[in-house]
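> Before anything else, here's the structure in question.
Residue numbers (this note's numbering): 347 to 620.
Here is the structure:
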């Protein structure tokens, strides 16, 4: 494992517009300040996500990395903030078409961090459970970037069964045809098996670790659950955060987070896995 550290074509065509319908453009407000790739793309902090983007683009030259999962060993490590910032960094490329997917059907937080207020409420779960619902109808658009957002939607009573559905694979195949990059925020690896189901449909996986906070044993357990052929690397989130509530994650995971405190993402560092 080699380490590197950091601090924390025009596709605006009809095809892209179909993938990111315009009616949802006004549904974003109150972006989390830690989403530096969106709120401060020229900042020093945002530069680190462009470094991560550059790593992924260089990897893509040798192996297709179109669908990228972002996960963690446990909750609270900053995976959602990392996923959103990575998607934002990828979307800064002039010709890129990028989709951000919240595939955490137990404790989704992408919509919360993006300040989404969409009255439809439909998302990934709705598209999985209703074959008549098109993928395009549940994708929101983040302006001014070419960033599509697929929220978790209305949470199903059995998330694992929903993610086992062949319909999920069909939705990912449709997304591959519409977007250049698909960034998937997944549930954490250790407490629930959902991420292992999602791994079937992704090309690579990034694991986020809270530096000086996530126990080594949990990190090792999480890494052991990752297919080595799909392991892209480890992103160390260097933010200092309270440990409050952390050790109860096995019990708490699966409970709706409500207006939980949002995870920040200051100065990530990255490891590439060989």
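Backbone N, C-alpha and C fix where the C-beta goes; we use that ideal spot for every residue, glycine too.
Less than 7 Å between the beta carbons of residue 499 and residue 472, yes or no?
Sequence index remark: in the chain shown, residue 499 carries index 153 (1-based). Sequence index remark: in the chain shown, residue 472 carries index 126 (1-based). Their beta carbons are under 7 Å apart, which means residue 499 touches residue 472 by this criterion.
> Just to confirm the assignment: which complete alpha helix (DSSP H) runs, minimum length 4, are found wholly within the region 485–535?
Segments of the alpha helix (DSSP H) lying fully in the region 485–535: 505–510 and 512–524.
> Evaluate contact between the region 440–453 and the region 468–486, counting only Cβ atoms and requiring at least three cross-stretch pairs below 8 Å.
Yes: at least three Cβ pairs fall under 8 Å.
> Quick check on residue 472: does DSSP put it in helix, strand or coil?
Looking up residue 472 in the chain shown gives position 126. Three-state result, residue 472: helix.
> Please report the residue range of the beta strand (DSSP E) in which residue 573 lies.
As a position in the chain shown, residue 573 is number 227, starting the count at 1. Residue 573 -> no beta strand (DSSP E), and no H or E assigned at all.
> Let me check one thing: in DSSP terms, what residues is residue 448 bridge-paired to?
As a first step, residue 448 is located in the chain shown; it is residue number 102 there, counting from the start. Answer is 531, bridged to residue 448.
> CB residue 569 to CB residue 415, shorter than 7 Å?
Position 223 of the chain shown holds residue 569. Position 69 of the chain shown holds residue 415. In this structure, residue 415 does not lie closer than 7 Å to residue 569 by Cβ.
> Looking at C-alpha atoms only, which residue of 484, 509, 443 and 421 is the closest neighbour of residue 561?
Locating residue 561 in the chain shown gives position 215, counting from the first residue. Nearest C-alpha to residue 561: 421.
> Taking all protein chains shown into account, do 16 or more other C-beta atoms lie within 10 angstroms of the C-beta of residue 461, making it buried, or fewer, making it exposed?
Within the chain shown, the letter at position 115 stands for residue 461. By the 10 Å Cβ count, residue 461 comes out exposed.
> Of all the options 383, 428, 404 and 388, which has the alpha carbon lying nearest to the alpha carbon of residue 582?
Numbered from 1 along the chain shown, position 236 holds the residue referred to as residue 582. Taking only the C-alpha atoms, the option nearest residue 582 is 428.
> Just to check my reading of the structure: residue 548 and residue 530 have Cβ atoms closer than 8 Å, yes? What is that Cβ distance to the nearest angstrom?
Counting from one through the chain shown, the residue named residue 548 turns up at place 202. Counting from one through the chain shown, the residue named residue 530 turns up at place 184. Sure, about 6 Å apart at Cβ, within 8 Å.
> Under the three-state reduction of DSSP, which class applies to residue 435: helix, strand or coil?
Start at 1 with the first residue of the chain shown, and residue 435 comes out as number 89. If DSSP states are grouped into helix, strand and coil, residue 435 belongs with the helices.
> Between the region 515–525 and the region 473–486, do three or more beta carbon pairs fall short of 8 Å?
Touching, per the Cβ criterion.
> Quick one: what does DSSP say residue 428 is sitting in, helix, strand or coil?
Within the chain shown, residue 428 is the residue found at index 82, counting from 1. Note: residue 428 maps to helix in three-state DSSP.
> Identify whether residue 480 lies in helix, strand or coil by the three-state DSSP scheme.
Translated into the one-based positions of the chain shown, residue 480 becomes position 134. Of the three classes helix, strand and coil, the one that applies to residue 480 here is coil, per DSSP.
> Would you tell me roughly how many angstroms separate the C-alpha atoms of residue 618 and residue 495, rounded to the nearest one?
Along the chain shown, read from residue 1 onward, the residue named residue 618 stands at position 272. Along the chain shown, read from residue 1 onward, the residue named residue 495 stands at position 149. With a pLDDT of only 40 at residue 618, under 50, the local geometry of the prediction cannot be trusted, and no value is derived from it.
> Find out if the Cβ-Cβ distance for the pair residue 535, residue 417 is shorter than 7 Å.
Along the chain shown, read from residue 1 onward, the residue named residue 535 stands at position 189. Along the chain shown, read from residue 1 onward, the residue named residue 417 stands at position 71. Yes. Within cutoff.
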